[in-house]
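A quick write-up on the structure given underneath.
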Amino acid sequence: MVKSGDYVAELDQFKAPEGIFWRSEDRVAPHNMYTKMSGLDKYMAKLDKKKSDFQSWDRQALKSDKTESDLPAAQAIRLPVSTGIFEVSYHYDTASKTYQRFQGGEAHQDREKGQISPDVVIAIMVNQKLSGDGNHMDIETTGTGKAYIFQNGKVQEGNWAKPNAQTNISFTDDQGNKIPLKSGQTWITAVDNSREVVWE
157 MVKSGDYVAE
167 LDQFKAPEGI
177 FWRSEDRVAP
187 HNMYTKMSGL
197 DKYMAKLDKK
207 KSDFQSWDRQ
217 ALKSDKTESD
227 LPAAQAIRLP
237 VSTGIFEVSY
247 HYDTASKTYQ
257 RFQGGEAHQD
267 REKGQISPDV
277 VIAIMVNQKL
287 SGDGNHMDIE
297 TTGTGKAYIF
307 QNGKVQEGNW
317 AKPNAQTNIS
327 FTDDQGNKIP
337 LKSGQTWITA
347 VDNSREVVWE
C-alpha cells in the first residue's frame with residue numbers, strides 16, 4: 157500500500173543511513189525494529205522529502221459538566237473485531253479516568269509502561285471484506301460512517317469523515333459540530349458495519 161500510494165513518503169529501512177533504524181535483541185523479529193523522529197527527519201532531508209503537514213486534532217475540554225452528564229455511561233466496552241485471544245474490551249478506571257485495555261480477557265500489558273490505558277477510545281464503523289488473496293481484510297478507511305467516542309466513562313455517538321487518504325479523520329455530532337476530545341492517548345478501532353459495539 158505504501159509503495160502504491162502517493163500520499164506517504166516511503167523510507168526504506170534497507171537503504172537508510174546507519175543508525176536511523178535498529179533492531180533490539182530482546183524481541184523476536186520482525187517486531188523488534190525501532191527508530192526515532194530525529195532520525196526520520198534526517199532521512200527525509202537526505203531524500204529531499206518534505207516534512208509531514210499532518211494536522212492533529214484540536215483537544216478541548218468537554219463543553220460543560222451538564223453536557224457530559226447527559227451522555228450515556230460507558231464503564232465497559234466490547235469491540236467485536238475478533239474472538240478468542242484477540243477479543244478486545246475496555247474497562248473504565250475512575251481513579252485514572254482512562255480505559256484499561258483487555259485482550260483475550262487478560263489485561264493488555266505494555267512491557268515498559270504496564271497496563272495499556274488510553275484516555276479516549278473511538279470505534280469507527282466501516283465496510284470491510286476478505287481480500288482477493290484471502291490472507292487479510294480490506295478495510296475502507298475513507299468516506300464517512302458512524303462513530304462511538306468513549307471518554308470520561310461516557311459515550312457519545314457521532315460520525316467520522318475522511319474524504320481521502322491525505323486528510324485526517326474528523327468526528328462530528330449529528331448536527332455537524334466537532335466532538336471535543338479529551339487530551340491524552342487516543343485509540344481508534346475499525347469495526348465492521350455488520351457487527352455491533354456494546355457498552356454498559
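Take 157 as the starting number for the sequence shown in our numbering and just add one per residue. Think of the CB as a built atom: it goes at the ideal place given N, C-alpha and C, for glycine as much as any other residue. On a predicted model such as this, the values are computed, not experimentally measured, just so you know.
Boundaries (first-last residue) of the alpha helix (DSSP H) holding residue i
{"i": "residue 196", "result": "193–202"}
Whole-angstrom C-beta distance between residue j and residue i, which should lie under 8 Å
{"i": "residue 329", "j": "residue 314", "result": "5 Å"}
{"i": "residue 280", "j": "residue 344", "result": "6 Å"}
{"i": "residue 260", "j": "residue 233", "result": "No, residue 260 and residue 233 are not in contact; Cβ-Cβ is about 15 Å, not under 8 Å."}
{"i": "residue 300", "j": "residue 316", "result": "7 Å"}
{"i": "residue 353", "j": "residue 347", "result": "6 Å"}
{"i": "residue 274", "j": "residue 257", "result": "7 Å"}
Bounding residues of the beta strand (DSSP E) (the contiguous stretch that carries residue i)
{"i": "residue 285", "result": "284–286"}
{"i": "residue 328", "result": "326–328"}
{"i": "residue 342", "result": "342–348"}
{"i": "residue 295", "result": "293–295"}
{"i": "residue 254", "result": "254–259"}
Min CB distance residue i to chain C below 9 Å
{"i": "residue 289", "result": "The structure shown contains no chain C; it is built from a single protein chain."}
Residue i, DSSP secondary structure in three states
{"i": "residue 301", "result": "strand"}
{"i": "residue 157", "result": "In this prediction, residue 157 scores a pLDDT of 38, lower than 50, which makes its location untrustworthy; the coordinate-derived value is nonetheless stated afterwards. Residue 157 falls in the coil class under three-state DSSP."}
{"i": "residue 245", "result": "strand"}
{"i": "residue 240", "result": "helix"}
{"i": "residue 221", "result": "Confidence at residue 221 is low in this model, with a pLDDT of 45, below 50, so its placement is unreliable and the value that follows should be read with caution. Reduced to three states, the DSSP call for residue 221 is helix."}
{"i": "residue 337", "result": "strand"}
For residue i: DSSP bridge partner residues
{"i": "residue 213", "result": "Bridge partners of residue 213: none, in fact."}
{"i": "residue 167", "result": "Residue 167 is not bridged to any residue."}
{"i": "residue 315", "result": "302 and 328"}
{"i": "residue 279", "result": "304 and 345"}
{"i": "residue 262", "result": "259"}
Any non-hydrogen atom of the ligand ATP closer than 8 Å to residue i Cβ
{"i": "residue 255", "result": "With respect to the ligand ATP, the structure shown offers nothing to examine, as it has no ligands at all."}
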